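Numbering (my numbering), first residue to last: 32 to 385.
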């Protein structure tokens, strides 16, 4: 009986110790197994004239600890004919492409949060598949990143013959497309860049977040009589990858209302009751600011802006005359723009006062 009781008590003690042991932490991992968190944003970064791989530097270790034990990266790749889609993203076939040491990188650079690596030229008819692993201080690798397919894209020149047509708060841009190889099966797009020409240190600002397919773009909402500079790049795309040309030659333009009103119709001038009567049809221009009446005196030779009239005043009586002289008149319309654009003048009509 005592033996059975002793065995039972021993069993209870063993169970209790086991339960207490379950609350303890397990054996900690050695430092060599603490690797940076997996990279998940491997991508192609494109800028004018530049095409490169890019990925964010890990912000923590795989166990959420910090600081990150990051020594460098290993970049892997495989090349496949474009028609072999079956194994494009499978794990087989990858080889080491580059071993990067952050302390002494031989290729690429880090800006503090992102690493950039120049892309090799992919041969026509092939696709390169890339992936990246981080390397910790003891040489252990993190899990491989997302896999990224990079296709062959031809080197493309920038567009040419960029021309800008200004109008009120608007600039209309036109350019000549570049020549692309006949065997290119992708798509050709464009990006438009702008900067304030009076701020010489300002970088180019892309104003087409979505690339445009036509070789024309209308930029709106500008400040009239501000000075702007434009350039354009060409983009070639295939599936999810693309490449951007260098900047085109730039063009300087000043937007504003450069369009004058139409020429005044049915202008007439004749002597009437001690003066000279001028008549014309009212202008239909929506931004009409008024009319300007000009006069030339045949005796004095004086030629001047004689009178400025409001939009509703489409006639004028000149009583400031001297008998025996000939006066010549013409009229223009002008608009409300800052430039006060002036129409082509009417025909000059002479009137002799007898």
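Ideal placement from N, C-alpha and C gives every residue a C-beta, glycine not left out. Model, not experiment: these values are computed from the prediction.
Opposing strand residues paired with residue i [DSSP bridges]
i: residue 196; result: 203
i: residue 297; result: Partner(s): none; residue 297 has no beta bridge.
i: residue 275; result: 266
i: residue 306; result: 303
i: residue 131; result: 104
i: residue 163; result: 106
i: residue 86; result: 146
i: residue 283; result: 260
i: residue 189; result: DSSP output for residue 189 lists no bridge partner at all.
Proximity to residue i [Cα-Cα], best of the options
i: residue 107; options: 166, 312, 321; result: 166
i: residue 316; options: 109, 333, 304, 290; result: 290
i: residue 352; options: 346, 337, 343, 111; result: 337
i: residue 226; options: 174, 238, 124; result: 238
i: residue 150; options: 218, 78, 189; result: 78
i: residue 321; options: 244, 362, 92; result: 362
i: residue 245; options: 197, 190, 288; result: 190
i: residue 186; options: 295, 162, 217; result: 217
i: residue 164; options: 328, 139, 137, 66; result: 66
i: residue 146; options: 113, 157, 133, 156; result: 133
i: residue 74; options: 197, 271, 143, 156; result: 271
i: residue 157; options: 196, 112, 171; result: 112
Rounded distance between the beta-carbons of residue j and residue i, thought under 8 Å
i: residue 193; j: residue 261; result: 7 Å
i: residue 184; j: residue 267; result: 5 Å
i: residue 330; j: residue 314; result: Not a contact, Cβ separation roughly 32 Å.
Three-state secondary structure (DSSP) of residue i
i: residue 147; result: strand
i: residue 110; result: strand
i: residue 56; result: Unreliable positioning characterises residue 56 in this predicted model, as indicated by a pLDDT of 40, which lies under 50. A coordinate reading is not provided.
i: residue 370; result: coil
i: residue 354; result: coil
i: residue 386; result: Here the chain comprises residues numbered 32 to 385, so residue 386 is not present and cannot be evaluated.
i: residue 183; result: coil
i: residue 376; result: coil
i: residue 241; result: coil
i: residue 335; result: strand
i: residue 218; result: strand
i: residue 288; result: coil
is_contact[residue i, chain C] using C-beta, thresh 8 Å
i: residue 157; result: Given the protein chain composition of this structure (a single chain), no chain C is represented.
Stretch-stretch touch, CB-based, cutoff 8 Å, three pairs: the region 201 to 215 with the region 246 to 262: yes
Cβ contact check for the region 212 to 229 and the region 262 to 272: 3 or more pairs under 8 Å: yes
Cβ pair count under 8 Å reaching 3, the region 168 to 185 against the region 107 to 121: yes
Touch test, the region 85 to 105 against the region 124 to 138, Cβ-Cβ under 8 Å, three pairs minimum: Contact check between the region 85 to 105 and the region 124 to 138: three or more CB pairs, one atom from each, fall below 8 Å, which counts as touching.
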